[in-house]
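Heads up: take any position in the sequence shown, counting from 1, add 1, and you land on the working numbering. C-beta: ideal position from N, C-alpha, C; glycine also. Beneath this line is the structure, given in structure tokens, with notes to follow.
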Amino acid sequence: MRCLCLLLLTAWFVIPLTGCASYTPVPISPAASAQSLDSRTLDNSRLQKFIAAELGGASKEDPPPTWDLSTLTLAAIYYHPDIAIAHAKLASAEAGVITARQRPNPSLTLTNVFGQAAVAAAATPAGAATITVGPMIDFLIETFGKREDRTAQARYLADAARWDLSTAGWQVRARVRTALLDLWVAQKRLALTHQQLNLQEELVTLLEQRFAVGEASSVDVMLARVARAQITLSLRNLEQTQATARVQLATALGVPAHALDGLVLSLGAFDYPPPVPSHPDTGKLRREALTMRTDVQADLQDYEAAQSALQLQVANQYPNITLSPGYNYDFGVNKYILGLGADQLPILNQNQGPIAEALANRQQAAANFTGLQAQIIGAIDEAAAAYRTATRSVATGDALLADEQNHEKQIASQFRVGQVDRVTLVTAELEVAATALSRFDAVERQRQAIGALEDALQQPLFDPGHWPTVPSEQNAILSHGESSS
2 MRCLCLLLLT AWFVIPLTGC ASYTPVPISP AASAQSLDSR TLDNSRLQKF
52 IAAELGGASK EDPPPTWDLS TLTLAAIYYH PDIAIAHAKL ASAEAGVITA
102 RQRPNPSLTL TNVFGQAAVA AAATPAGAAT ITVGPMIDFL IETFGKREDR
152 TAQARYLADA ARWDLSTAGW QVRARVRTAL LDLWVAQKRL ALTHQQLNLQ
202 EELVTLLEQR FAVGEASSVD VMLARVARAQ ITLSLRNLEQ TQATARVQLA
252 TALGVPAHAL DGLVLSLGAF DYPPPVPSHP DTGKLRREAL TMRTDVQADL
302 QDYEAAQSAL QLQVANQYPN ITLSPGYNYD FGVNKYILGL GADQLPILNQ
352 NQGPIAEALA NRQQAAANFT GLQAQIIGAI DEAAAAYRTA TRSVATGDAL
402 LADEQNHEKQ IASQFRVGQV DRVTLVTAEL EVAATALSRF DAVERQRQAI
452 GALEDALQQP LFDPGHWPTV PSEQNAILSH GESSS
């Protein structure tokens, strides 16, 4: 009997060890990681298959994607490290649910005593060993729903991490849109400035010709040359701005700058203002933003996790039950034991400290939620006001530009019949070019305000219907290429 008990005890202790996980090291090579990052391109077949699948057509015969706001957003979701970080945080939070659901393992106490009877004349059963063997197993039984509260807290945190992943997708899209818009602005302004520079150079040439024959003053020539120099410097600055915007776009995509070399970008989404809902600061989209934005949902889940954490600490006031079955071989006598105990009796404290911390954490989570909603309200109001102001400025610029164009047409008609000279015509054309540049300032502010509205409302306005959906698992992003390779 003694041998059987020891055998069962050994089997109970050893067999579970066969299912234990083993450690596998995964070292990081800085050189290999840097090389991998530097070799990223947008003609990657896996990337293109991922984009095709997300857009609803994964056929091998599909042409390469047009690189516009929607497809570049998908490329950023595929490449940008913020998405990988959010995926890792989600995986960690989901693993936390597994940890929270686990029941505490039992503990084993084994007492061996070798010796002899305390009384010399005491009788010992025949064949009995002069040994006391006392194995005892302690099972901890959690009470008052502690495991359920702990699991609920972990699940809420996992839900918050899932919403954070969606928020990361929106932030990636916002950076791509901002870089694309900056690039579009630089290109448009470059074209307008080139036109202005060509006209100014023509004016300088005409005035120099006049000066050579005594029909223009040196002051007129000097002023024209200064204006030409200023326009030339503006052109160089715009070229730098364009190059910077292109690098910022590469950074937003998570690829090196040379990955964009030779790439044709479609910037048509910014050519015309998209339809913006009327009264975005008071209508349905505002209400949806205050309740359904991904960061709002994440903060809401964080608050629910704080609620569950408070419930757990309240439950921790009460002791758990310890059930301790055991066996004792005492000098030939088999003894069976069943112990019942309580873990951490609330005598010296009633868990006041952790409960107070959990209460404060819940208040902080509530304050974070309210603060985020207040921030959203301010962002919506500011973006809506900027949009309305910029739109009025665009309308004013349109009217002024139309007036200048009509005036230039009149001058052109007079020039054709010989009533005015070429200098007067070029001067009128320069006025049109300067007005067009001033009008474009308002256009730029309007497009930026629409981008700010996109971020505040978390609604795609430049490409309606193209939501930056992020697969819930990092492997799902890569599986499109792997399954087809």
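task = Write down every uninterrupted run of the alpha helix (DSSP H) in the segment 323–395 whose length is 4 residues or greater and which is fully enclosed by it, in chain order.
result = For the segment 323–395, not a single whole alpha helix (DSSP H) run of length 4 or above is found.
query = How is the alpha helix (DSSP H) around residue 56 delimited, first residue to last?
reply = First-last for residue 56: undefined, no H or E at that position.
query = Can the beta-carbon of residue 70 be found less than 9 Å from the beta-carbon of residue 177?
reply = Yes, they are a contact pair.
query = What first and last residue would you give for the alpha helix (DSSP H) that runs through residue 69?
reply = Element bounds for residue 69: n/a, residue is neither H nor E.
request  = Find out if the Cβ-Cβ distance for the pair residue 163, residue 313 is shorter than 9 Å.
outcome  = Going by beta carbons, residue 163 and residue 313 fall outside the 9 Å limit.
Beta-carbon proximity check, residue 193 vs residue 441, cutoff 9 Å = Taking 9 Å as the cut-off, the beta carbon of residue 193 is found closer than this to the beta carbon of residue 441.
ask   = Nearest-angstrom Cα distance between residue 486 and residue 47?
value = Confidence in residue 486 is poor, its pLDDT being 35 and thus under 50, which makes the residue's placement unreliable; the coordinate value appears in the next sentence. Here the C-alpha atom of residue 486 lies approximately 8 Å from the C-alpha atom of residue 47.
message = Can you give me the C-alpha to C-alpha distance between residue 484 and residue 340, rounded to a whole angstrom?
response = At residue 484 the pLDDT is 38, less than 50, meaning the model places this residue with poor confidence; the figure from the coordinates comes in the next sentence. Distance from the CA atom of residue 484 to the CA atom of residue 340, rounded to whole angstroms, is 57 Å.
task = Any chance you could list the alpha helix (DSSP H) runs of at least 4 consecutive residues sitting entirely within the segment 262–288, in chain order?
result = As for any alpha helix (DSSP H) of minimum length 4 sitting wholly inside the segment 262–288, there is none.
request  = Please work out which residues of its chain come closer than 7 Å, Cβ to Cβ, to residue 243, disregarding the five sequence neighbours upstream and downstream, and give them in chain order.
outcome  = Correct list, in chain order: 184, 187, 188, 191.
ask   = Are three or more beta carbon pairs between the segment 134–149 and the segment 314–327 nearer than 8 Å?
value = Contact between the segment 134–149 and the segment 314–327 is present: 3 or more CB-CB pairs across the two stretches fall below 8 Å.
ask   = Nearest CA to the CA of residue 457: which residue from 85, 294, 365, 91?
value = Of the candidates 85, 294, 365, 91, 294 places its Cα closest to the Cα of residue 457.
query = Just to confirm, are residue 253 and residue 180 a CB contact at a threshold of 9 Å?
reply = Contact: yes.
ask   = Helix, strand or coil: which one does DSSP assign to residue 297?
value = Residue 297 falls in the helix class under three-state DSSP.
key: Classification of residue 296 by the beta-carbon crowding that lies within 10 angstroms, buried from 16 upward   = When all chains shown are included, residue 296 counts as buried.
message = If you reduce the DSSP assignment to three classes, tell me which class residue 407 lands in.
response = Helix.
request  = Assign residue 348 to buried or exposed, taking buried as 16 or more other Cβ atoms, counted over all protein chains shown, within 10 Å of its Cβ.
outcome  = Exposed is the label assigned to residue 348, since fewer than 16 other Cβ atoms lie within 10 Å of its Cβ.
Residue 292 (DSSP reduced to helix, strand or coil) = Three-state result, residue 292: helix.
inquiry  = My output table needs one value for residue 142: the three-state DSSP class, helix, strand or coil.
reply    = Here residue 142 sits in strand by DSSP.
request  = Taking residue 310 as the reference, give the member of 101, 23, 77, 431 with the closest Cα.
outcome  = It is 101.
query = For residue 432 versus residue 467, is the C-beta spacing smaller than 9 Å?
reply = Contact: no.
ask   = What are the residues that DSSP puts in a beta bridge with residue 136?
value = Residue 136 pairs with 111.
Supposed close pair residue 97, residue 329 - CB separation, criterion 8 Å = Approximately 40 Å separates the beta-carbon atoms of residue 97 and residue 329; this is outside 8 Å, ruling out the contact.
task = Out of 287, 40, 353, state which residue places its alpha-carbon closest to the alpha-carbon of residue 251.
result = Cα-wise, what sits closest to residue 251 is 40.
query = Roughly how many angstroms separate the alpha carbons of residue 420 and residue 210, rounded to a whole number?
reply = C-alpha of residue 420 to C-alpha of residue 210: approximately 20 Å in a straight line.
inquiry  = If contact is defined by three or more beta carbon pairs under 8 Å, each pair taking one atom from either stretch, is the segment 255–273 in contact with the segment 363–379?
reply    = In short, these stretches do not touch, since the Cβ pair count stays below three.
ask   = When the Cβ atoms of the segment 374–390 are set against those of the segment 444–457, are three or more pairs found closer than 8 Å?
value = Touching, per the Cβ criterion.
query = Hey, quick one: how far does the alpha helix (DSSP H) through residue 219 stretch, first residue to last?
reply = The continuous alpha helix (DSSP H) containing residue 219 extends over residues 219–254.
query = From residue 393 to residue 427, what distance separates their C-alpha atoms?
reply = Cα-Cα distance, rounded: 29 Å.
Cβ contact (3+ pairs, closer than 8 Å) linking the segment 156–174 and the segment 394–405 = Inter-segment contact for the segment 156–174 and the segment 394–405 is absent: fewer than three beta-carbon pairs are separated by less than 8 Å.
inquiry  = I'd like to confirm the pairing. Which residues does DSSP put opposite residue 321 in its beta bridges?
reply    = 344.
task = Confirm, please, whether the CB-CB distance from residue 166 to residue 137 is below 9 Å.
result = The Cβ atoms of residue 137 and residue 166 lie no closer than 9 Å to each other.
key: Helix, strand or coil at residue 483 [DSSP, three-state]   = Because the pLDDT of residue 483 is 42, which lies under 50, any placement of that residue in the model is unreliable, and the question is left without a value.
ask   = How close, in whole Å, do the beta carbons of residue 375 and residue 161 come, if the pair is a contact with beta carbons under 8 Å?
value = At roughly 20 Å, the Cβ-Cβ gap does not stay under 8 Å, so residue 375 and residue 161 are not in contact.
query = Given a threshold of 16 other Cβ atoms within 10 Å of its Cβ, counted over all protein chains shown, does residue 413 qualify as buried or as exposed?
reply = Counting every other CB atom within 10 Å of its CB across the protein chains shown gives residue 413 a total below 16, marking it as exposed.
query = Run through DSSP, which three-state label would residue 105 get?
reply = If DSSP states are grouped into helix, strand and coil, residue 105 belongs with coil.
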